[in-house]
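As structure tokens, the structure follows; a few thoughts come after it.
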């Protein structure tokens, strides 16, 4: 039997009790009517006493230059001897408009601008302080704040196309409050759901609420959360564990990171509710080490919660105990699989094991363990606070509540989106995301990352729920949604995901380790030219292609874990909806999207060529011939398809087809 080693059981030193904060917490949570107290209204910034600047300082904002914008604001205030508050908040979701800056003056509603560069600060701030709102493209809108004077002619931020179609439960406070302040979270109703659960419901009652609400796991599998909890409660054992899986490894996924950075106390509250329901006294947050800002803010939230008596040996005086530790992962994709994650926490190599036994009966240190991802746990404050009926009323019959997506790729407005289940992919891409930029056509949307599939244009109106997506060969996944335009090669996309899966395979089982390698080799051969082929290479290439689908099915049926079983999905999905594109690659050795370089044929348009010779200088094989001031030509038999000539030509005379 595996026992919990001393190192794994160690907790960080308990935070010194903050009696003032603990009293404040008790007072706020004891009486719901305190929500309208002036002190809490000030913490919510329903009114401010001096100019306040709120800067989006999530990872996306910082990457876009938020710190430089913040420093420019400080410099402006210092130069003009102005007193103001500068607050760093999380990401509100509209990543394409970063750096985001909100400005609120006493008595007036809060204005939102983005992107705001350091060079924009002086003009923008000066105008707002004098009562003038610049109405250029940087203006996103004004917040709706009853009792404050709105700005004339400024649209509401809630009516902005990016926000209007959203239902923000998990992201409710992201970008609106300081994520490093417990009192601001309390002022916005934080920990009230936890207090309600402890006061009014038994652990069994909380499990029943979650089951009736229809909450399903948001990590990809979609297993009913309440059912998982009931299985863990029924399992034998006095020690039980809760694990929060924050190890999102899908390319294009950043939902968990943004939630933790923007509202860490919401995750903490959800974890305490879950632990209370299943009877766990110890919990872990397994988070990838590549998320330093999220880790920093989560550590602060845990320390604040302990100091205030919300976390620890006596949660809010209820007699319930819970201690939460943070375990940093090394970024291995396979550790998103729950048994591999458990091995990693225990200090072993992150590799899946056969199931059963399932973690709910024998998980961490051989004890009953529940594993939920960040979004699942972050839904609990809303579910408990509003009640299971209200939660189930949003979404569809088999998929209740909302879903957070990381919208990226070829779309105008990228960012974090939260919509009600049942919303169509078209609404997400074209209404919320603003559609495909540069007037290009929509080709597909990849959902579910390396384990998911693509949704073609003819299925844009499909509803986002667990059942509907499976019908078209896609899956909800953790929430990555990558939009691809008409210039995307679907064979290349499949090859990208297969390369990712092959490199991230733990190597434990042969079907995944060797099967994905063979699939990648086949895809590589499809995208290669005849130049290096000799003898029967062409025949072997065609024979391998014939076995592609059969190989994919074998991998799905025989791999050990869910990641291996779903590894072929991107290839099978692309084959299903874009078979003609595969056939062009296979039979004509041509890439219609002009993406696969080895299949491109380069030519020079004699009407545009002025004979400058730049292309010939950059050609490594001497395939470009001609005389100065006369059109050059390319010898196809000598061309290796490097594309140097295309880059060198300043007249667009070199063409690839």
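In our numbering, the protein residues as written are 1355 to 2011. Yeah, the Cβ is synthetic: ideal placement off N, Cα and C, and Gly gets one too. Here the structure is a predicted model, which is why all the values come from computation and not from measurement.
- The continuous stretches of beta strand (DSSP E) do not include residue 1715, and DSSP gives it neither H nor E.
- Under DSSP, the beta-bridge partners assigned to residue 1770 are 1760.
- By the C-beta density criterion, residue 1815 is exposed, having fewer than 16 other C-beta atoms within 10 angstroms.
- Residue 1865: member of the alpha helix (DSSP H) spanning 1864-1880, first to last residue.
- Less than 7 angstroms separates the beta-carbon of residue 1408 from that of residue 1443.
- Here the alpha carbon of residue 1457 sits roughly 14 angstroms from the alpha carbon of residue 1436.
- In the DSSP assignment, residue 1442 falls within the unbroken beta strand (DSSP E) covering 1439-1443.
- Segment contact: the region 1515-1527 against the region 1767-1786, three or more CB-CB distances shorter than 8 angstroms; contact assigned.
- Put simply, the region 1626-1639 touches the region 1680-1690. At least three CB pairs are less than 8 angstroms apart.
- The criterion of a C-beta distance shorter than 7 angstroms is satisfied by residue 1926 and residue 1906.
- Around the Cβ of residue 1941, a 10 Å sphere holds fewer than 16 other Cβ atoms; the residue is exposed.
- With a minimum length of 4 residues, the unbroken runs of alpha helix (DSSP H) contained wholly in the region 1664-1725 fall at 1692-1699.
- In this chain, the beta strand (DSSP E) harbouring residue 1466 covers 1465-1467.
- Our two residues, residue 1596 and residue 1492, have alpha carbons roughly 44 angstroms apart in a direct line.
- Under the three-state reduction of DSSP, residue 1801 is assigned to strand.
- Residue pairing for residue 1827: DSSP places it in no beta bridge.
- With distances taken between CA atoms, residue 1551 lies nearest to 1735 out of 1735, 1871, 1812, 1897.
- If you draw a 10 Å sphere on the C-beta of residue 1403, you find fewer than 16 other C-beta atoms in it, and that means exposed.
- Annotated as distal: residue 1806 and residue 1821, with beta-carbon spacing of 7 angstroms or more.
- Residue 1556 holds the alpha-carbon nearest to the alpha-carbon of residue 1672 among 1609, 1575, 1556.
- Bounds of the beta strand (DSSP E) holding residue 2010 are 2008-2010.
- For residue 1599, DSSP records a beta bridge to 1640, 1727.
- Counting only runs that start and end inside the region 1887-1937, the alpha helix (DSSP H) elements of at least 4 residues fall at 1891-1900, 1902-1912, 1916-1920, 1923-1931, 1933-1937.
- For the region 1942-1983, the full-length beta strand (DSSP E) segments reaching 3 residues or more read 1956-1958 along the chain.
- For the pair residue 1845 and residue 1931, the Cα-to-Cα distance works out to about 11 angstroms.
- Beyond the five residues adjoining it in sequence on each side, residue 1892 comes within less than 6 angstroms, by CB distance, of no other residue in the same chain.
- When DSSP reads this structure, residue 1838 sits in a beta bridge with 1798.
- As for any beta strand (DSSP E) of minimum length 3 sitting wholly inside the region 1388-1447, the runs are 1406-1410, 1439-1443, ordered along the chain.
- Taking 7 angstroms as the cut-off, the beta carbon of residue 1561 is found closer than this to the beta carbon of residue 1580.
- When DSSP states are grouped into helix, strand and coil, residue 1504 belongs to the coil group.
- Residue 1808 is bridged by DSSP to 1800.
- Per DSSP, the continuous beta strand (DSSP E) segment holding residue 1457 begins and ends at 1455-1458.
- In the structure shown, residue 1512 adopts helical secondary structure according to DSSP, grouped into three states.
- Under the three-state reduction of DSSP output, residue 1647 falls in the helix class.
- Residue 1410 is positioned such that its CB atom lies closer than 7 angstroms to that of residue 1454.
- If you draw a straight line from the Cα of residue 1953 to the Cα of residue 1813, it is about 30 angstroms long.
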